[in-house]
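Protein sequences appear in the order of chains C and U.
As numbered in our numbering, the first sequence has no gaps in its residue numbers, which increase by one up to the final residue, 709.
As numbered in our numbering, the second sequence has no gaps in its residue numbers, which increase by one up to the final residue, 709.
Beta carbons: idealized from backbone N, C-alpha and C, even for Gly.
Data first, discussion second: the structure below is written as structure tokens.
2 protein chains.
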Amino acid sequence: MTDFFAGAPDAAPCTGFTANPITRDSERQDANKLAAAVADPTARFLLFVGADLRLPAVPDRGDVATPYFDIAEAEALGADPADTILLGHHNTIPVLAARLSAPTAPDPQNPATYRAGQYREAEEGVIDLRSLAMFGMLSAEDLGIVGHAGGLMNWHRGHGHCARCGAPTRIEQGGYRRNCDTCGRHHFPRTDPVVIMLAIDGERCVLGRQPRFVTDMYSCLAGFVEPGETIEGAVRRELAEESGLQIGRVRYHSSQPWPFPHSLMIGCHAEAVSTEIDFDHEELEDCRWFSREEARSMLDRNHADGLFTPPPMAIAHQLLRHWIDNA
Amino acid sequence: MTDFFAGAPDAAPCTGFTANPITRDSERQDANKLAAAVADPTARFLLFVGADLRLPAVPDRGDVATPYFDIAEAEALGADPADTILLGHHNTIPVLAARLSAPTAPDPQNPATYRAGQYREAEEGVIDLRSLAMFGMLSAEDLGIVGHAGGLMNWHRGHGHCARCGAPTRIEQGGYRRNCDTCGRHHFPRTDPVVIMLAIDGERCVLGRQPRFVTDMYSCLAGFVEPGETIEGAVRRELAEESGLQIGRVRYHSSQPWPFPHSLMIGCHAEAVSTEIDFDHEELEDCRWFSREEARSMLDRNHADGLFTPPPMAIAHQLLRHWIDNA
Numbered sequence: 383m384t385d386f387f388a389g390a391p392d393a394a395p396c397t398g399f400t401a402n403p404i405t406r407d408s409e410r411q412d413a414n415k416l417a418a419a420v421a422d423p424t425a426r427f428l429l430f431v432g433a434d435l436r437l438p439a440v441p442d443r444g445d446v447a448t449p450y451f452d453i454a455e456a457e458a459l460g461a462d463p464a465d466t467i468l469l470g471h472h473n474t475i476p477v478l479a480a481r482l483s484a485p486t487a488p489d490p491q492n493p494a495t496y497r498a499g500q501y502r503e504a505e506e507g508v509i510d511l512r513s514l515a516m517f518g519m520l521s522a523e524d525l526g527i528v529g530h531a532g533g534l535m536n537w538h539r540g541h542g543h544c545a546r547c548g549a550p551t552r553i554e555q556g557g558y559r560r561n562c563d564t565c566g567r568h569h570f571p572r573t574d575p576v577v578i579m580l581a582i583d584g585e586r587c588v589l590g591r592q593p594r595f596v597t598d599m600y601s602c603l604a605g606f607v608e609p610g611e612t613i614e615g616a617v618r619r620e621l622a623e624e625s626g627l628q629i630g631r632v633r634y635h636s637s638q639p640w641p642f643p644h645s646l647m648i649g650c651h652a653e654a655v656s657t658e659i660d661f662d663h664e665e666l667e668d669c670r671w672f673s674r675e676e677a678r679s680m681l682d683r684n685h686a687d688g689l690f691t692p693p694p695m696a697i698a699h700q701l702l703r704h705w706i707d708n709a
Numbered sequence: 383m384t385d386f387f388a389g390a391p392d393a394a395p396c397t398g399f400t401a402n403p404i405t406r407d408s409e410r411q412d413a414n415k416l417a418a419a420v421a422d423p424t425a426r427f428l429l430f431v432g433a434d435l436r437l438p439a440v441p442d443r444g445d446v447a448t449p450y451f452d453i454a455e456a457e458a459l460g461a462d463p464a465d466t467i468l469l470g471h472h473n474t475i476p477v478l479a480a481r482l483s484a485p486t487a488p489d490p491q492n493p494a495t496y497r498a499g500q501y502r503e504a505e506e507g508v509i510d511l512r513s514l515a516m517f518g519m520l521s522a523e524d525l526g527i528v529g530h531a532g533g534l535m536n537w538h539r540g541h542g543h544c545a546r547c548g549a550p551t552r553i554e555q556g557g558y559r560r561n562c563d564t565c566g567r568h569h570f571p572r573t574d575p576v577v578i579m580l581a582i583d584g585e586r587c588v589l590g591r592q593p594r595f596v597t598d599m600y601s602c603l604a605g606f607v608e609p610g611e612t613i614e615g616a617v618r619r620e621l622a623e624e625s626g627l628q629i630g631r632v633r634y635h636s637s638q639p640w641p642f643p644h645s646l647m648i649g650c651h652a653e654a655v656s657t658e659i660d661f662d663h664e665e666l667e668d669c670r671w672f673s674r675e676e677a678r679s680m681l682d683r684n685h686a687d688g689l690f691t692p693p694p695m696a697i698a699h700q701l702l703r704h705w706i707d708n709a
């Protein structure tokens, strides 16, 4: 008897944002449960400044931080209980998120806070989520919780009005819904599916560089799933548009919530059935074939010219690793 | 040498809405290209009344219809060129969609138009997309195009205002974006990822009945992916919430765009590691184990008690079929 579930791996344990232990019960949340959670002395608060997270203390590199404040700390920092959402419970502990209006966010235009190996402690203990993930400053479970909170807070931040009638909306269901009292519409958090894929031709694969990437980094190609597409159709269209390659079979590998601002990365391997790359010079600075050995040296960060790939927390890394180790 | 892409099937050809041949070029669409497409004498128009499609002629059951009007017909019926979107091109032919404000939509509260075997021709040739898909009235490619249009039109219909500032938005990029001229925000079409899954324990699987289902129909369980979840995490959470089962491995099968209103169905098989079902009586009317033989008879519509599953156009059917034929 064959094993029907053979070859069904989850995301690797080190893939960022995937080890989220929160029990949501999102459909059963309401204002009473939110109030009870806020009043629970064991409650833990995540505090956001814009899209960034405020940490109780920012450790030196290599240490693991805690992202949580208690209610007294949260209130002292200016968290507004009326603008607080309940993510759910971790075991029995309520986990909440609130926004601060402090002016101490790091400058997102400053590449220093986003560049591997060059993290510098942000003023007032505020750090962007991407750096937090890249530098392994949180446990895998806490990073999952922070990603969950970040995606939801990003959605609330951009959806204070009703997309149907334009009136202001208000938080409902502990933060898992916004209601419009004017036209009655219920709005649910948005999650944008994105395909990210490694195109393969035998012993070589396709990697590209976006202009915004840090110098010498190459990654898998990616793009949003569009209306009316399957996952496989989106993989084929994106690779055709960005690399000019034609694709045969597509195999799903794993997925990753990606809170920038609220995406779901759907990782796939794609079988190239043409070989000439004609890449999109608006989207990409370079896009070319890499041999398996060259890709391995980039993953392992010992490439002769210093080229490298994203770190293990990125699903692009895991797609490459899986192919290199299993093809 | 092993075949790295072994076991990477696409959606079955009969899965509804998946055979969409449109070339979008959505990022390169603009008002000029839209105007050129409208002026192209070969252009084809899909016309919507609310969420429903107006057909040039509604054939008797079993025949295949065309969903397209030409520009003269579209204008005669009241299509507004200023409210028209460009889906893309099918080969060289522009395919557009517009909305009519006719009062002849079928009543969505009337189950007759949704019930298998009981379709009755709607007045004025207007039919809901679900019935259109269920009754195989269009070719697979045209159904894919109609689903694409339906999802996009549903999004436009619910997003006439800016979710950030509340001001009215306008169509851009041929219909693949809405712009807010007040706060400058660009809004892109929303696609909601939904997991739909067949839980399996050896020779039996779990099917459930929602109260809104037609009598005697059972299907796979399903639910929206929530913020901060992987696909696999969503499968485990939904099965825990709806059936009380604990799940081990999850294996992705295939996907399906589902324009009700604009979802992406992500079909998976799930390995049950507990056996006692304690189902959610708010969401489900029944939920229980079915042997493989019983499920096969429901798929083949020869079950002793008349129970049945959704038709081949539904991804739930394909998840069952794959397990029954391959486990």
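Asked	Found
Rounded straight-line distance, which links the Cα of Ala522 (chain C) to that of Ala394 (chain C)	11 angstroms
Range covered by the alpha helix (DSSP H) that runs through Ala425 (chain U)	Careful: Ala425 (chain U) lies outside any alpha helix (DSSP H) and carries neither H nor E.
Sufficient close CB pairs (3 or more, under 8 angstroms) joining the region 578 to 596 of chain C to the region 663 to 679 of chain C	yes
is_contact[Arg669 (chain U), chain C] using C-beta, thresh 8 angstroms	Residue 669 (chain U) is actually Cys in this sequence, not Arg. Chain C contact via Cβ: absent.
Residue from C:Phe570, C:Ala686, C:Leu511 whose Cα sits closest to the Cα of Pro641 (chain C)	C:Leu511
Presumed contact (8 angstroms Cβ cut-off) between Gly610 (chain U) and Ala515 (chain U), rounded CB distance	That belief does not hold up - the Cβ atoms of Gly610 (chain U) and Ala515 (chain U) are roughly 32 angstroms apart, past 8 angstroms.
Continuous beta strand (DSSP E) stretch holding Ala604 (chain U): start and end	603 to 606
Interfacial residues, the region 626 to 653 of chain U to chain C, with Cβ spacing under 8 angstroms	Gly630, Arg631, Val632, Arg633, Tyr634, Ser636, Ser637, Gln638, Pro639, Pro641, His644, Leu646, Ile648, His651, Glu653
Test: Pro609 (chain U) CB closer than 8 angstroms to a CB of chain C	yes
Reference Met647 (chain C), options C:Glu623, C:Ala616, C:His663, closest by Cα	C:Ala616
Test: His541 (chain C) CB closer than 8 angstroms to a CB of chain U	yes
Within 8 angstroms, strictly: CB atoms of Asp662 (chain C) and Glu624 (chain C)	yes
According to DSSP, residues forming a beta bridge with Trp640 (chain C)	C:Ser645
Identified DSSP bridge partners for Trp705 (chain U)	Looking at the DSSP assignment, Trp705 (chain U) forms no beta bridge with any residue, so it has no partner.
Ranges of the alpha helix (DSSP H) found wholly within the region 616 to 700 of chain C, counting only runs of at least 4	674 to 681
8 angstroms Cβ cut-off: residues of chain C touching Arg406 (chain U)	Glu608, Arg619
Where the beta strand (DSSP E) containing Asp524 (chain C) begins and where it ends	No beta strand (DSSP E) holds Asp524 (chain C); the alpha helix (DSSP H) holding it covers 522 to 540.
Test: Gly526 (chain U) CB closer than 8 angstroms to a CB of chain C	yes
Element boundaries [alpha helix (DSSP H), containing Val420 (chain U)]	413 to 421
Backbone CA spacing between Asp434 (chain U) and Val528 (chain U) [nearest angstrom]	10 angstroms
Interface residues of chain U facing Arg586 (chain C) [CB-CB closer than 9 angstroms]	Ordered by position in chain U, no residue passes the 9 angstroms Cβ test against Arg586 (chain C), which lies about 12 angstroms from the chain.
Partners in chain U for Ala549 (chain C), counting only beta-carbon separations shorter than 7 angstroms	Gly548
Helix, strand or coil at Ala487 (chain U) [DSSP, three-state]	With a pLDDT of only 43 at Ala487 (chain U), under the threshold of 50, the placement of this residue in the model should not be trusted; the figure read from the coordinates follows. It is coil, neither helix nor strand.
Chain-ordered chain U contacts of Asn402 (chain C) [CB-CB under 9 angstroms]	Gly610, Glu611, Thr612, Gly615
6 angstroms Cβ shell around Ala487 (chain U) - same chain, five flanking residues per side excluded	Bear in mind that the predicted position of Ala487 (chain U) carries a pLDDT of just 43, short of 50, making it unreliable; the figure below should be weighed with that in mind. Val431, Gly432, Asp434, Val508.
Neighbour list for His568 (chain C) in chain U, Cβ cutoff strictly below 7 angstroms	What His568 (chain C) touches in chain U: nothing, since even the nearest Cβ is about 11 angstroms away.
contact_flag[the region 649 to 658 of chain C, the region 554 to 574 of chain C] where n(CB pairs < 8 angstroms) is 3 or more	no
Coarse secondary structure for Glu554 (chain U), derived from DSSP in three states	strand
Span separating the alpha-carbon of Glu455 (chain U) from that of Gly557 (chain U)	21 angstroms
CB contact check: His472 (chain U) to chain C, cutoff 8 angstroms	no
Same chain, Cβ closer than 7 angstroms to Asp407 (chain C), five either side skipped, listed in chain order	Gly470
Cα-Cα separation between Ile475 (chain C) and Ile553 (chain U), rounded to whole angstroms	45 angstroms
C-alpha distance - Gln555 (chain C) paired with Pro593 (chain U), whole-angstrom precision	23 angstroms
Same chain, Cβ closer than 8 angstroms to Glu620 (chain C), neighbours up to 5 away in sequence not counted	Val577, Met579, Leu603, Ala604, Gly605
Residue from U:Ala581, U:Leu702, U:Arg539 whose Cα sits closest to the Cα of Glu658 (chain U)	U:Ala581
For Arg426 (chain C) and Leu627 (chain U), the rounded distance between their alpha carbons	29 angstroms
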